[in-house]
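Engineer:
Numbering (this note's numbering), first residue to last: 264 to 713.
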């Protein structure tokens, strides 16, 4: 089994090599395309693929479903080779990655790091240019090239550049959206993404919480949530340039505002926000058939997450729109909203680059605040909610620093799904502290050991 996975790994890696270059001569495949690939290639090669743009995601999802539907691994690889010749470069990488992560016969196969497939999404153009120069001058040496700065101390936000532009956190965001694609259709793929909407909220909320911690540790105030679709935005320049078309990612001069783009306008975002808030205040959402779905404590936040993102699971995408995704796209196109200058969008257009921009965190704090409006409607926890039913197994003892002469105080972390068995009668449970931690609730107990 291990050798089979290793063989598949060797066949998968070439699918991601030199993705910005033509590949027909390299693979020597037949000219005819499989009929399953008919209708693809709408987003042209050389254009930037957006993981938030509806039309881009529809095409990417179609390719991913074709690849997931391949009956054998050989057919899957063959379809990948054919698609690579004419499908948009980044769209191809996205769809193939989604398929590999979810195909049963690709278990044990790892994706290459996205920063190695598209280094232009992670490293400033100055750094890449310097690396090219050094590589040409010293082709036989291994040389480390320091990353170039993208700002200076004149911008207070530059103090957080080390975090926002970190390769790992941006790669994680890209990978999360591969694992939880917004267009995922369980009816087609046969795989249900449990609590996908809730996890969308949780993951991004944790990112914002960490970013606020980083701000406080650098002497900056917590971020101000985005709240006005007509406010003037802070500026940002990523210093990234695309290998695919050679153009830089658009900068955003300070003081610019959101403008309508083709297919969606600022008023659409405002309308969707009001409709979602109305649903929260009413305690229910309306589906496409006019039926009401209650936003209860068990499933409410999951339903809201699907609506706000919005994903394929949204109860009514036509009515509630796609607030989160189109917000990303409008912010990315603030410099050239109607495309008259043929610029690349800004980094907010792509999940692999969006975290670099300070506006990402303000936008997601705005999204979080909508979830918080829903949580305010929930009743307070009572003793039954936070008290475990029955007894639980004690493990992971962490001694406290303060100890009395007679008692030894210990903390232990206990997952609520464990059954309790007391191995030592000298332990006495005296108090518990509930802490929410996806995917389980953990309880911290204060233990007295005689």
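Glycine is no exception: its CB is placed at the ideal position from the N, C-alpha and C atoms. Predicted model only: the values in this text are computed from it and were never measured.
By Cβ distance below 8 Å, which residues in the same chain neighbour residue 557 in space, the five residues on each side in sequence not counted?
Structural biologist: Only 546, 547 and 563 meet the Cβ criterion.
Engineer: Leaving out five residues before and five after residue 642 in sequence, what residues of the same chain have Cβ atoms less than 6 Å from its Cβ?
Structural biologist: Same-chain partners within the cutoff: there are none.
Engineer: Residue 423: buried (16+ other C-beta within 10 angstroms of its C-beta) or exposed?
Structural biologist: Burial call: buried.
Engineer: Just reading off the beta strand (DSSP E) that residue 363 is part of, what are its end residues?
Structural biologist: Not the beta strand (DSSP E): residue 363 falls in the alpha helix (DSSP H), residues 352-365.
Engineer: Buried or exposed for residue 453, please, with buried defined as at least 16 other CB atoms from any protein chain shown within 10 angstroms of its CB.
Structural biologist: It counts as exposed.
Engineer: Could you say which of 554, 624, 360 and 543 lies nearest to residue 639 if we only look at CA atoms?
Structural biologist: Ranking the options by Cα distance to residue 639, first place goes to 543.
Engineer: Compare the beta carbon distance of residue 749 and residue 503 with 7 Å and say whether it is the shorter of the two.
Structural biologist: In the structure displayed, the chain extends from 264 to 713; residue 749 sits before or after that span and is not available.
Engineer: May I ask which residues mark the beginning and end of the alpha helix (DSSP H) holding residue 329?
Structural biologist: Start and end: 317-331.
Engineer: Is residue 489 near residue 629, with beta carbons less than 7 Å apart?
Structural biologist: Cβ atoms of residue 489 and residue 629: closer than 7 Å.
Engineer: Nearest-angstrom Cα distance between residue 276 and residue 417?
Structural biologist: Rounded to the nearest angstrom, the two C-alpha atoms are 43 Å apart.
Engineer: Quick check on the DSSP output: the beta strand (DSSP E) that includes residue 556 runs from which residue to which?
Structural biologist: Start and end: 555-557.
Engineer: Could you compute how far the alpha carbon of residue 607 sits from the alpha carbon of residue 299?
Structural biologist: Rounded to whole angstroms, residue 607 to residue 299 spans 31 Å at the Cα level.
Engineer: Run through DSSP, which three-state label would residue 621 get?
Structural biologist: Residue 621 falls in the helix class under three-state DSSP.
Engineer: Would the stretch 524-535 count as touching the stretch 303-314 if we require 3 or more Cβ pairs under 8 Å?
Structural biologist: As far as the Cβ criterion goes, the stretch 524-535 does not touch the stretch 303-314, which means the pair count is below three.
Engineer: Using DSSP bridges, identify the partner residues of residue 515.
Structural biologist: According to DSSP, which records beta bridges pairwise, residue 515 is partnered with 499.
Engineer: Per the DSSP calculation, residue 548 is bridged to which residue(s)?
Structural biologist: Residue 548 pairs with 556.
Engineer: Does residue 569 pass the burial test, meaning 16 or more other C-beta atoms within 10 Å, or should it be called exposed?
Structural biologist: So residue 569 counts as buried.
Engineer: What is the rounded straight-line gap between the Cα of residue 477 and the Cα of residue 426?
Structural biologist: Taking the straight line from one Cα to the other gives about 8 Å.
Engineer: Looking at residue 354: is its Cβ nearer than 7 Å to the Cβ of residue 323?
Structural biologist: Yes; because the gap between Cβ atoms is below 7 Å, this pair is in contact.
Engineer: Work out the CA separation of residue 430 and residue 347 for me, nearest whole Å.
Structural biologist: Distance between the alpha carbons of residue 347 and residue 430: 26 Å.
Engineer: Can you tell me which of the three DSSP states residue 406 falls into?
Structural biologist: Coil at residue 406, not helix or strand.
Engineer: Out of curiosity, what's the CA-to-CA distance linking residue 375 and residue 492?
Structural biologist: Using only the alpha carbons, I get a separation of about 38 Å.
Engineer: Tell me the residue span of the alpha helix (DSSP H) that contains residue 583.
Structural biologist: Its alpha helix (DSSP H) spans residues 580-583.
Engineer: Could you check which residue in 555, 408 and 573 has the C-alpha nearest to that of residue 536?
Structural biologist: Nearest C-alpha to residue 536: 573.
Engineer: Identify which residue in 456, 344, 362 and 334 has its Cα closest to the Cα of residue 325.
Structural biologist: Ranking the options by Cα distance to residue 325, first place goes to 362.
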